[in-house]
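Worksheet: the structure to be examined is printed underneath.
Protein chains: 2
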Amino acid sequence: MTAFSFTLHATDGEARRGTLHTAHGPAETPAFMPVGTAGTVKAMTPEDVAATGAEIVLGNTYHLMLRPGADRVERLGGLHKFMNWPGPILTDSGGFQVMSLAELRKLTEEGVRFRSHIDGSYHTLTPERSMVIQRQLDADVTMAFDECTPFPAEHETARESMELSMRWAQRSKDAFTQRAGYGLFGIVQGGIYEDLRRRSVEALTDIGFDGYAVGGLAVGEGQELMFQVLDYTAPLLPEDRPRYLMGVGKPDDIVGAVERGIDMFDCVLPTRSGRTGQIFTARGTLNLKNARHADDPRPLEEDCPCPACAHYSRAYLHHLVRAGEMLGPMLATRHNVTFYQRLMQGLRDAIAAGRLEEHAAQFREDYARGDIPAL
Amino acid sequence: MTAFSFTLHATDGEARRGTLHTAHGPAETPAFMPVGTAGTVKAMTPEDVAATGAEIVLGNTYHLMLRPGADRVERLGGLHKFMNWPGPILTDSGGFQVMSLAELRKLTEEGVRFRSHIDGSYHTLTPERSMVIQRQLDADVTMAFDECTPFPAEHETARESMELSMRWAQRSKDAFTQRAGYGLFGIVQGGIYEDLRRRSVEALTDIGFDGYAVGGLAVGEGQELMFQVLDYTAPLLPEDRPRYLMGVGKPDDIVGAVERGIDMFDCVLPTRSGRTGQIFTARGTLNLKNARHADDPRPLEEDCPCPACAHYSRAYLHHLVRAGEMLGPMLATRHNVTFYQRLMQGLRDAIAAGRLEEHAAQFREDYARGDIPAL
Numbered sequence: 020m021t022a023f024s025f026t027l028h029a030t031d032g033e034a035r036r037g038t039l040h041t042a043h044g045p046a047e048t049p050a051f052m053p054v055g056t057a058g059t060v061k062a063m064t065p066e067d068v069a070a071t072g073a074e075i076v077l078g079n080t081y082h083l084m085l086r087p088g089a090d091r092v093e094r095l096g097g098l099h100k101f102m103n104w105p106g107p108i109l110t111d112s113g114g115f116q117v118m119s120l121a122e123l124r125k126l127t128e129e130g131v132r133f134r135s136h137i138d139g140s141y142h143t144l145t146p147e148r149s150m151v152i153q154r155q156l157d158a159d160v161t162m163a164f165d166e167c168t169p170f171p172a173e174h175e176t177a178r179e180s181m182e183l184s185m186r187w188a189q190r191s192k193d194a195f196t197q198r199a200g201y202g203l204f205g206i207v208q209g210g211i212y213e214d215l216r217r218r219s220v221e222a223l224t225d226i227g228f229d230g231y232a233v234g235g236l237a238v239g240e241g242q243e244l245m246f247q248v249l250d251y252t253a254p255l256l257p258e259d260r261p262r263y264l265m266g267v268g269k270p271d272d273i274v275g276a277v278e279r280g281i282d283m284f285d286c287v288l289p290t291r292s293g294r295t296g297q298i299f300t301a302r303g304t305l306n307l308k309n310a311r312h313a314d315d316p317r318p319l320e321e322d323c324p325c326p327a328c329a330h331y332s333r334a335y336l337h338h339l340v341r342a343g344e345m346l347g348p349m350l351a352t353r354h355n356v357t358f359y360q361r362l363m364q365g366l367r368d369a370i371a372a373g374r375l376e377e378h379a380a381q382f383r384e385d386y387a388r389g390d391i392p393a394l
Numbered sequence: 020m021t022a023f024s025f026t027l028h029a030t031d032g033e034a035r036r037g038t039l040h041t042a043h044g045p046a047e048t049p050a051f052m053p054v055g056t057a058g059t060v061k062a063m064t065p066e067d068v069a070a071t072g073a074e075i076v077l078g079n080t081y082h083l084m085l086r087p088g089a090d091r092v093e094r095l096g097g098l099h100k101f102m103n104w105p106g107p108i109l110t111d112s113g114g115f116q117v118m119s120l121a122e123l124r125k126l127t128e129e130g131v132r133f134r135s136h137i138d139g140s141y142h143t144l145t146p147e148r149s150m151v152i153q154r155q156l157d158a159d160v161t162m163a164f165d166e167c168t169p170f171p172a173e174h175e176t177a178r179e180s181m182e183l184s185m186r187w188a189q190r191s192k193d194a195f196t197q198r199a200g201y202g203l204f205g206i207v208q209g210g211i212y213e214d215l216r217r218r219s220v221e222a223l224t225d226i227g228f229d230g231y232a233v234g235g236l237a238v239g240e241g242q243e244l245m246f247q248v249l250d251y252t253a254p255l256l257p258e259d260r261p262r263y264l265m266g267v268g269k270p271d272d273i274v275g276a277v278e279r280g281i282d283m284f285d286c287v288l289p290t291r292s293g294r295t296g297q298i299f300t301a302r303g304t305l306n307l308k309n310a311r312h313a314d315d316p317r318p319l320e321e322d323c324p325c326p327a328c329a330h331y332s333r334a335y336l337h338h339l340v341r342a343g344e345m346l347g348p349m350l351a352t353r354h355n356v357t358f359y360q361r362l363m364q365g366l367r368d369a370i371a372a373g374r375l376e377e378h379a380a381q382f383r384e385d386y387a388r389g390d391i392p393a394l
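Top to bottom, those sequences are chains U and R. Its first residue numbered 20, the first sequence is counted upward by one per residue in my numbering. Its first residue numbered 20, the second sequence is counted upward by one per residue in my numbering.
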């Protein structure tokens, strides 16, 4: 069994080109992880997901513990077997979604007690419980249990929240079962305060993790503030460990974060947007519902190898979305996830070739220019 | 270009094993046609449909004329190109769905005027208009425009309705554009009255069609009455033309109809049931929502080659359906359509081998026995 490790192949400025090695195989970085909340990347089969180029997917501890239950997933052979995804899986700790989805939640030093948004049943998540659940799910990458500091937060609030997360990080590390090929990531908190981010990184590196996530961003602070936090936080992180920016983001967020030294991303944007007919292209986004696509024989993107672009016109995809046909979301999701994976491939190639700056500038220019009108 | 034709390879009792040849390739019969109402077999890609073994699909004139519009489909290269289905397509005439779905419909000798159930716009369907639309869609098999006689109907009502349909059948034939590889089917009406069915067959064979459908069944009369009508109607039909039982049906309906000499079927049952988690197996139906599947590691059917059975447990499929995940309907639909295609393959093989009677008896015994309980 391969040890859990990260190989850094090349750097270009702050940007890094690497490989994450896990019990279920490698993932090239910078990597975008499609979100498989409830044990499925919505509207896609695992074969569809793999065909986009994705190598690692994310599962949500909060959703899976409530339904179908982590005990059940374990009995059925773990999440890889359950959902038929043989590659690496990262699970979040449940902390973020308890705070955003659960009802009647109560936060204490011990953890969080809450009511399920599905059936109203009571549950408790603690660092120890989160480690057990992620072990049951058989996650290749386990995330430490933390509190996602809300935005905006005063310095005092952000400090207390960060310090709680650091105590939970130690408890997560203590409760994590070491297994070859499986890794545990710590999560840097501290809001938008440089001193807190620095103290959080120090606390986490003192504990020692297999990777480091930057948490508490993409929660409403905006791209400029997010990039500022990355500007001073990323350089503090150990070079030999992967860096994961949680819940990000839009294509231009990802490009900017890669330029600032981030290796891993996850976001529901390509899948959720796909289900509503919002399409990502190298020339910005387009809305399939818009009547201007009704007679357009062109594919979404001329050079895209995804099934939506290879076989269908914008007119057909527009029709599917208008008619409420399930194939619309299915194809739109495949396209969007393919777009994200091609974005990552382009970034990886550019870093390896030492031309990330030009590549990113060209991306931003094209992306801002907007869709090519039909003749 | 192949001529539109039907080759009869073998018979076994009344049952027939044949091949339908069309402009877009052959279809082995007895054949089940998945329903692609609005230019998509719901929740499946065309590749998924082909992987089930299906060779011919059905499109609905009524739906397609209203959205996206037959002119538009024609401009975009016809229905095959629009929906990326390179094989044969049969379109219905629109008559049945005008009566079941449209609003404010008004039936005259000329045709039917109605309001769209989608946007309230006014439309008229006549035999001539239906032929133009099906030509624009580029259907390999065009259906004559008819009135589906309601059930129950008095003899007088059924006679008048049938006679109207026969006049419309002549007008359909007159308006149909002959093209190599493209065929026109007449539709036998007459309700449950043997004399009317006989007169309808005589009228249609006098006009002359490339195939003959039995209409006005599966409208509430029940299997016993349906089989009675087939018992006296099918033998009246020309041996050298395909016979299509419209809108049928449950697996045991199909087996009984094949035994009575029917070659082609269509029904929304496998696709619609798939979307609600109702599963067809050789041991009857099962409901994926049922809690008894929650921990069941077995596939839906041990010997089924479909992706749902090859890669997933009942427990996982149950989870998807309970969680409202789109992958649930996607996989369930693939299984159900695969089940129907395997049913047809079994019937074709049994007819060719001259052992349909035993095969059908075994099917009915297994199907009635019900699901094998988990250990």
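Even glycine gets a Cβ: it sits at the ideal position worked out from N, Cα and C. This structure is a prediction, so every number in the text was calculated from the model and none was measured.
Simplified DSSP state of residue i, which is helix, strand or coil
i	result
Ser-292 (chain U)	helix
Ser-332 (chain R)	coil
Gly-347 (chain U)	helix
Gly-365 (chain R)	helix
Pro-65 (chain R)	helix
Arg-317 (chain U)	coil
Val-340 (chain U)	helix
Lys-100 (chain U)	helix
Pro-53 (chain U)	strand
Thr-224 (chain U)	helix
Thr-168 (chain U)	coil
Leu-123 (chain R)	strand
Glu-128 (chain R)	coil
Contact belief for residue i with residue j at Cβ below 8 Å, rounded distance in angstroms
i	j	result
Ile-298 (chain U)	Leu-319 (chain U)	6 Å
Arg-154 (chain R)	Gly-130 (chain R)	Going by Cβ atoms, the distance from Arg-154 (chain R) to Gly-130 (chain R) rounds to 17 Å, so no, they are not a contact pair.
Ser-184 (chain U)	Asp-214 (chain U)	Not really, about 16 Å apart at Cβ, beyond 8 Å.
Pro-270 (chain U)	Ala-194 (chain U)	Wrong, their Cβ atoms sit about 37 Å apart, outside the cutoff.
Arg-217 (chain U)	Asp-250 (chain U)	About 13 Å separates the two Cβ atoms, so there is no contact after all.
Ala-158 (chain U)	Ser-112 (chain U)	Rounded, the Cβ-Cβ distance is 10 Å, inconsistent with contact.
Ala-351 (chain R)	Leu-336 (chain R)	7 Å
Any chain R beta carbon closer than 9 Å to residue i
i	result
Ala-253 (chain U)	no
Thr-64 (chain U)	yes
Thr-59 (chain U)	yes
Glu-344 (chain U)	yes
Ala-22 (chain U)	no
Gly-114 (chain U)	no
Pro-53 (chain U)	no
Gly-96 (chain U)	yes
Arg-260 (chain U)	no
Phe-101 (chain U)	yes
Extent of the continuous beta strand (DSSP E) run through residue i
i	result
Ala-232 (chain U)	230–233
Thr-41 (chain U)	34–41
Thr-145 (chain U)	Note, Thr-145 (chain U): premise wrong, no beta strand (DSSP E); not H, not E.
Arg-132 (chain U)	131–134
Asp-138 (chain U)	Segment: none, Asp-138 (chain U) is in no beta strand (DSSP E) and carries neither H nor E.
Asp-111 (chain R)	It is not in any beta strand (DSSP E) - Asp-111 (chain R) carries neither H nor E in the DSSP assignment.
Val-76 (chain R)	76–78
Val-60 (chain R)	No beta strand (DSSP E) contains Val-60 (chain R), which DSSP labels as neither H nor E.
Within-9 Å CB hit, residue i to chain U
i	result
Pro-146 (chain R)	no
Tyr-81 (chain R)	no
Pro-318 (chain R)	no
Leu-256 (chain R)	no
Leu-223 (chain R)	no
Met-84 (chain R)	no
Phe-228 (chain R)	no
Continuous alpha helix (DSSP H) stretch holding residue i: start and end
i	result
Leu-183 (chain R)	174–194
Val-207 (chain R)	Taken as a continuous stretch (DSSP letters only), Val-207 (chain R) belongs to no alpha helix (DSSP H), being part of the beta strand (DSSP E) at 202–207.
Leu-27 (chain R)	Unbroken run through Leu-27 (chain R) is the beta strand (DSSP E), 24–31; no alpha helix (DSSP H).
Ala-379 (chain R)	375–388
Cβ-heavy atom distance, residue i to the ligand COA, below 8 Å
i	result
Val-68 (chain R)	Ligands in the displayed structure: none, and consequently the ligand COA is not present.
Return the chain-ordered ranges of every alpha helix (DSSP H) run that is complete within the stretch 235–305 of chain R and spans a minimum of 4 residues. Restricted to the stretch 235–305 of chain R, the alpha helix (DSSP H) segments that are unbroken, complete and at least 4 residues in length are 242–252, 270–278, 288–294, listed in chain order.
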